[in-house]
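With the sequence shown counted from 1, adding 21 to any position gets you this note's numbering. Ideal Cβ placement from N, Cα and C applies to all residues, glycine included.
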Amino acid sequence: SLIQQLLIELSDKINAGTSFSSLAKLHSQDPSYKNGGESGWLDENRLPVVFKQHLSQLKADELSPPFQTQQGWRVIKIIDKRRVDNHLIAVKSKLIQSKKNSFFKNWVNELRKGAYIEIFDHKL
């Protein structure tokens, strides 16, 4: 297809030294084009299978070949990879939940302080 051919030409330019960022700003239709194609850190487990297949084969500073997704054709450049500490994520999640629980408990207590409750025994 014409799009695939264009991506091959752009990939060749990137491999020859042209900046991925500058070409993404000019040619990408992805919302990340404003940032030069920069998507930030991505959780591989939250990506579609087709992305995972290409990402798993790439090392830092490597460019994927053009591939098609449901949203269109893509070329990915990996800037860096890092491992996520699942224990850190679990602790962070527990801390957030604890803060939410504490906030909710305090909120309910404040509501109770300002509430007037009248109990009618004859209706019990």
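Cβ distance (whole Å) where residue i is taken to contact residue j below 8 Å
i, j, result
"residue 76", "residue 97", "7 Å"
Closest residue to residue i among the options (Cα-Cα distance)
i, options, result
"residue 99", "86, 48, 141", "86"
"residue 68", "39, 92, 126", "92"
"residue 55", "139, 43, 64", "43"
"residue 84", "25, 141, 140, 32", "32"
Proximity of residue i and residue j at Cβ, strictly below 8 Å
i, j, result
"residue 71", "residue 90", "yes"
"residue 23", "residue 94", "no"
"residue 81", "residue 101", "yes"
"residue 60", "residue 49", "no"
Residue i, enclosing alpha helix (DSSP H) - first and last residue
i, result
"residue 128", "107-135"
"residue 88", "Per DSSP, residue 88 belongs to no alpha helix (DSSP H); it is in the beta strand (DSSP E), 88-90."
"residue 75", "70-78"
"residue 26", "23-36"
"residue 44", "41-48"
Alpha-carbon to alpha-carbon, residue j and residue i
i, j, result
"residue 107", "residue 113", "10 Å"
"residue 137", "residue 57", "58 Å"
"residue 78", "residue 118", "36 Å"
"residue 66", "residue 115", "21 Å"
"residue 37", "residue 30", "11 Å"
"residue 51", "residue 25", "16 Å"
"residue 126", "residue 133", "11 Å"
"residue 35", "residue 88", "16 Å"
"residue 103", "residue 139", "59 Å"
"residue 120", "residue 131", "16 Å"
Span of the beta strand (DSSP E), counted from its first residue to its last, around residue i
i, result
"residue 94", "93-95"
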